[in-house]
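Asks: Just so we're aligned, residue 556 is where the sequence shown starts under the numbering used here, counting upward by one.
Where is the CB? At the ideal position from N, CA and C, for every residue including glycine.
Here it is, the structure in full.
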Amino acid sequence: QGYRAEMDNPAMLVLLPPVLRNRKDVLFGNMPEIYDFHNKIFLHSLESCLGAPERVGCCFLDRREDFQMYEKYCQNKPRSESLWRQCSESSFFQVSCSPHLGHCLVLTASSQPSVLQFCKHVLSHFYFQELLKYSTSCDGVQELQEALVAMLDLLKSVNDSMHQISITGYDGDLSELGKVLMQGSFSVWAGHRKGPTKMKDLARFKPMQRHLFLYEKALVFCKKREEHGDGYDKTSSYSFKHFLKMNAVGITENVKGDHRKFEIWYSGREEVYVVQAQTVDLKMAWLNEIRKILF
């Protein structure tokens, strides 16, 4: 809070790098919102369970929508880290601001929680597993199990959104496609003709490696680019290739020859894509989500 406030201190303005002016919300993201939530709301909810620990699960379930703020924080983190690398050596942080606030240590990149730290600290399922271990015959077990599922779903949502912000080349607003439901890498064979797909024809060709993003309104095909850079600079990106509107998509759940494969066809089979997952379980997870949209 101190560093953020000092960026608005007129006496410190002369030391503030130009790149940081009016950009504290980028550097620190929505950390004030997260702090206020935990300090003023969620902590009190947990403290109310001191005499009734069986209500802990309900605390998380009642506030599950509030935890969506972590997704916003994680989506902003790459922008925050990029900005920090441009100004971390400035005298504003290294010389003037820390002593002024009475800090023995200067602000560093590690002073702000990483995405991994956030997920481990708040969304970690280990806390719930420990609670469940000692609550097998107590009241509130069902709520604890539901809270575990809710936090794991949120963790998946955060992870999916982190991949989404690395999509490049899409001419439009990805948020208009709805929420990201699934994402992952697949081998894909493409056919652009009407009529049933003949695997013996497609099998002659080497499959494309594609990273698919399943949104509520579209299925997006991307090509994953290799990670580059070192340390904080190491990132992956996904080059947009094309997308299919879900209101024109159909599926064939089984393809002869491999239980990991399924068909996605478009506009009355004008386009047919044979998709191979890494495992049968992964295939079924995708089919389940696609069915929810289609039916």
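(1) Report yes if the C-beta distance between aspartate 715 and methionine 737 is below 9 Å; otherwise report no.
(2) Can you give the beta carbon distance from serine 712 to glutamate 626, rounded, assuming they're within the 8 Å contact cut?
(3) Whole-angstrom Cβ separation of valine 735 and phenylalanine 768, contact assumed at under 8 Å?
(4) Can you name, in chain order, every residue of its own chain whose Cβ lies under 6 Å from the Cβ of glutamine 700, other than the five neighbours on each side?
(5) Can you tell which of Gly733, Ser740, Phe741 and Leu568 has the C-alpha that lies nearest to the C-alpha of serine 646?
(6) Do methionine 717 and glutamine 641 have their CB atoms nearer than 9 Å?
(7) Just the Cα atoms here: how many angstroms apart are glutamate 818 and glycine 805?
(8) May I ask you to list the residues that DSSP assigns as paired with alanine 745?
(9) Does DSSP put arginine 618 in a helix, a strand or coil?
(10) So who's on the other strand from aspartate 591, going by DSSP bridges?
(11) Answer yes or no: do phenylalanine 771 and leucine 732 have a C-beta to C-beta separation smaller than 9 Å?
(12) Cα-Cα, which of Asn585, Ala566 and Met562 is closest to valine 574?
(13) Going by beta-carbon coordinates alone, are valine 581 and serine 643 separated by less than 9 Å?
(14) For leucine 660, count the other beta carbons within 10 Å of its own beta carbon; 16 or more makes it buried, fewer makes it exposed. Which is it?
(15) Compute the beta-carbon to beta-carbon distance between glutamine 762 and glutamine 831, rounded to the nearest angstrom, for a pair I have assumed lies under 8 Å.
(16) Does DSSP classify tyrosine 625 as helix, strand or coil?
(17) Which of the three DSSP states is assigned to leucine 690 in this structure?
(18) Does DSSP classify methionine 562 as helix, strand or coil?
(19) With respect to the beta strand (DSSP E) encompassing glutamine 764, which residues constitute its N-terminal and C-terminal limits?
(20) If isoleucine 722 sits next to cysteine 777, beta carbons under 8 Å apart, how far is it from one beta carbon to the other, in whole angstroms?
(21) Using CA coordinates, which residue listed in Tyr558, Met839 and Lys632 is at the minimum distance from arginine 815?
(22) Kindly indicate which three-state DSSP category histidine 814 falls into: helix, strand or coil?
(23) State buried or exposed for threonine 752, treating a residue as buried only when at least 16 other CB atoms are found within 10 Å of its CB.
(24) CA-CA distance, threonine 691 and tyrosine 628?
(25) How long is the line joining the alpha carbons of asparagine 585 and aspartate 621, rounded to whole angstroms?
(26) Applying the 10 Å Cβ sphere with the 16-neighbour rule, what's the burial state of arginine 846?
(27) Measure the C-alpha to C-alpha separation of glutamate 685 and glycine 727 and round it to an integer number of angstroms.
Replies: On the basis of the data shown:
(1) By 1-based counting over the sequence shown, the position of residue 715 is 160. By 1-based counting over the sequence shown, the position of residue 737 is 182. With a cutoff of 9 Å on beta-carbon distance, aspartate 715 and methionine 737 are scored as near each other.
(2) In the sequence shown, the residue the question calls residue 712 occupies position 157. In the sequence shown, the residue the question calls residue 626 occupies position 71. Glutamate 626 and serine 712 do touch by the CB rule: their CB atoms are close to 6 Å apart, below 8 Å.
(3) For the purposes of this step, residue 735 is identified with residue 180 of the sequence shown, where counting begins at 1. For the purposes of this step, residue 768 is identified with residue 213 of the sequence shown, where counting begins at 1. In this structure, valine 735 and phenylalanine 768 form a Cβ contact; the two beta carbons are roughly 6 Å apart against a cut-off of 8 Å.
(4) As a working note, residue 700 is residue 145 in the sequence shown. Cβ within range, chain order: n/a, list empty.
(5) Counting from 1 along the sequence shown, the entry for residue 646 is found at position 91. When only C-alpha atoms are compared, the closest one is Leu568.
(6) Numbered from 1 along the sequence shown, position 162 holds the residue referred to as residue 717. Numbered from 1 along the sequence shown, position 86 holds the residue referred to as residue 641. In this structure, glutamine 641 does not lie closer than 9 Å to methionine 717 by Cβ.
(7) Along the sequence shown, read from residue 1 onward, the residue named residue 818 stands at position 263. Along the sequence shown, read from residue 1 onward, the residue named residue 805 stands at position 250. Each residue's Cα considered, the two are about 8 Å apart.
(8) Mapped onto the sequence shown, residue 745 falls at position 190. Paired residues: Tyr828.
(9) Your numbering for residue 618 matches position 63 in the sequence shown. Looking at arginine 618 - three-state DSSP - the assignment turns out to be coil, as it is neither helix nor strand.
(10) Within the sequence shown, numbered from 1, the residue matching residue 591 stands at position 36. Residue pairing by DSSP places aspartate 591 in no beta bridge whatsoever.
(11) Stepping through the sequence shown from its first residue, residue 771 is reached at position 216. Stepping through the sequence shown from its first residue, residue 732 is reached at position 177. The residue you asked about is not phenylalanine; residue 771 is glutamate in the sequence shown. In this structure, glutamate 771 places its C-beta atom within 9 Å of the C-beta atom of leucine 732.
(12) Counting from one through the sequence shown, the residue named residue 574 turns up at place 19. Valine 574 has its Cα closest to that of Met562, out of Asn585, Ala566 and Met562.
(13) In the sequence shown, residue 581 corresponds to position 26, counting from 1. In the sequence shown, residue 643 corresponds to position 88, counting from 1. No. Outside cutoff.
(14) As a working mapping, residue 660 is identified with position 105 in the sequence shown. Any reading at leucine 660 must be qualified, since the residue scores a pLDDT of 44, below 50, and its modelled position is unreliable; the value itself is stated next. Per the 10 Å Cβ criterion, exposed.
(15) Numbered from 1 along the sequence shown, position 207 holds the residue referred to as residue 762. Numbered from 1 along the sequence shown, position 276 holds the residue referred to as residue 831. Correcting the residue type first, residue 762 is proline in the shown sequence and not glutamine. Right, the Cβ-Cβ distance comes to about 7 Å (below 8 Å), so this counts as a contact.
(16) Along the sequence shown, read from residue 1 onward, the residue named residue 625 stands at position 70. DSSP places tyrosine 625 in the helix class (H, G or I) of the three-state scheme.
(17) Counted from its first residue, the sequence shown places residue 690 at position 135. It should be pointed out that residue 690 corresponds to serine in this sequence rather than to leucine. In this structure, serine 690 counts as coil in the three-state DSSP scheme.
(18) By one-based count along the sequence shown, residue 562 stands at place 7. Here DSSP, grouped into helix, strand and coil, assigns methionine 562 to coil.
(19) To locate residue 764, count along the sequence shown from 1; it is residue 209. Glutamine 764 -> beta strand (DSSP E) spans 763-770.
(20) To locate residue 722, count along the sequence shown from 1; it is residue 167. To locate residue 777, count along the sequence shown from 1; it is residue 222. By a beta-carbon distance limit of 8 Å, isoleucine 722 contacts cysteine 777. Their separation comes to about 6 Å.
(21) Taking the first residue of the sequence shown as 1, we reach residue 815 at position 260. The candidate whose alpha carbon is nearest that of arginine 815 is Met839.
(22) Within the sequence shown, residue 814 is the residue found at index 259, counting from 1. Taken through DSSP and simplified to helix, strand or coil, histidine 814 comes out as coil.
(23) What you label residue 752 is simply residue 197 of the sequence shown in a count that begins at 1. Any reading at threonine 752 needs caution, since the residue's pLDDT is 47, under 50, leaving its predicted position unreliable; the model's value is listed next. Counting Cβ neighbours within 10 Å, threonine 752 comes out buried, since at least 16 surround it.
(24) The residue you call residue 691 lines up with position 136 of the sequence shown. The residue you call residue 628 lines up with position 73 of the sequence shown. Computed Cα separation, rounded: 35 Å.
(25) For the purposes of this step, residue 585 is taken as residue 30 along the sequence shown, with counting starting at 1. For the purposes of this step, residue 621 is taken as residue 66 along the sequence shown, with counting starting at 1. Rounded to the nearest angstrom, the two C-alpha atoms are 13 Å apart.
(26) One-based indexing of the sequence shown puts residue 846 at position 291. Arginine 846 comes out exposed.
(27) Here residue 685 corresponds to residue number 130 of the sequence shown, with the count starting at 1. Here residue 727 corresponds to residue number 172 of the sequence shown, with the count starting at 1. C-alpha of glutamate 685 to C-alpha of glycine 727: approximately 45 Å in a straight line.
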